[in-house]
Amino acid sequence: MAELLFYSEPTLLNREVHKTLRFSASPDYSFTKEVNSVPLAGIEFFEASRDMPVLFGKDEEGGYFPLVMLSLMDGGHKQLDESGEWGDSYVPAFIRRYPFALTDDGTVCFDQKAGQLQSEEGDLLFNDEGEGTKVLDNIVQFLSSFEGQYKETRRYCDQCKEFDLFVPFNLKVMAGGEKPLKLDGLYVIDEKKLNEIPESAVSSWFKSGWLAWTYAHLHSVGALSRLVKKQG
18 MAELLFYSEP TLLNREVHKT LRFSASPDYS FTKEVNSVPL AGIEFFEASR
68 DMPVLFGKDE EGGYFPLVML SLMDGGHKQL DESGEWGDSY VPAFIRRYPF
118 ALTDDGTVCF DQKAGQLQSE EGDLLFNDEG EGTKVLDNIV QFLSSFEGQY
168 KETRRYCDQC KEFDLFVPFN LKVMAGGEKP LKLDGLYVID EKKLNEIPES
218 AVSSWFKSGW LAWTYAHLHS VGALSRLVKK QG
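Have a look at this one:
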C-alpha cells in the first residue's frame, strides 16, 4: 500500500458501522499545504513534467521511488490559492485519492478526520441493503488503478536500480532568501548510463512504456525554473 501521508485517523470502511456515511468531493487541497513533494506513479510523469520536476528518493531499504516536487522550499508549497484550491498545474493521484486508500489486502480505508465525509451531506457509500453504491464503486476502481500503477512503478524503479541508472542530484537554488536552498537525497537517471542498457531491455522498456516514462522524467528537470519563479 502506498504510504498514508495526509491521513490523521485512518479507519477501515465497514458496511455496518459506516452505513450512513456520505462523501462530498471537494476542491479544497489545503491538507497538502505542509509538504513539498509527494510520490508519483510512472504513468503520471508526462502530465506532471510540464509543471514540476519528477525526481527520485531512496527509502530505508535502499529502494528508489519517484516523487514530484511541489516546491523547492523546506516544507510546504505554493500550488494552492487562498481558498485551498489547486492552481493550473497537475494534481498527482496520490493527492486526489484522499481521503480514501486501499490496504495491502484490498480493503478500503479512509481518514476519519476528513471533512469530505459526514452523515448529513453528500452521496451515500452504501445502500439500504449494505451494498456499495456507484459512488463507492468508482472510488474503489480509482484506488485499485492507483495501487496497480504504484506497484508497476516500483518494478520500474527496481530495474533502474539493477542497471545502476540512478545518480545523486544535489540542488542549490536561490529562492528569495539570503541563503541558497540546498536539496539533498534526490536522484535522477543518468542519460549516459541509460544509453548503455542492453538492447533487449530497450525493446522491453519501449513496449511497457518505461522508456517513455524515463524521458518524461529527464524532460521534467527543466521545470525547476518554473518552481523557482512560482515561489520567488
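Once you know that position 120 of the sequence shown is 137 in my numbering, the rest is easy, because the numbers rise by one and skip nothing. Every residue gets a Cβ at the ideal spot worked out from N, C-alpha and C, and that includes glycine. Quantities reported herein were computed from a predicted structural model and do not represent experimental measurements.
In the three-state DSSP reduction, S237 falls in the helix class (H, G or I). At the C-beta level, S54 and G139 stay beyond 8 Å of one another. Proximity of the stretch 45-63 to the stretch 81-88 meets the contact definition, three or more beta-carbon pairs being nearer than 8 Å. Excluding its 5 nearest sequence neighbours in each direction, F183 has C-beta neighbours in its own chain below 7 Å: F73, Y81, C177, Y204 and I206, listed in chain order. In the three-state reduction of the DSSP assignment, F62 falls in the helix class.
Look at the stretch 103-168 and you find these whole runs of alpha helix (DSSP H), each 4 residues long or longer: 110-113.
Here the C-alpha atom of W230 lies approximately 42 Å from the C-alpha atom of V34. Here the C-alpha atom of V108 lies approximately 17 Å from the C-alpha atom of L89. For F82, the enclosing beta strand (DSSP E) starts and ends at Y81 to M86.
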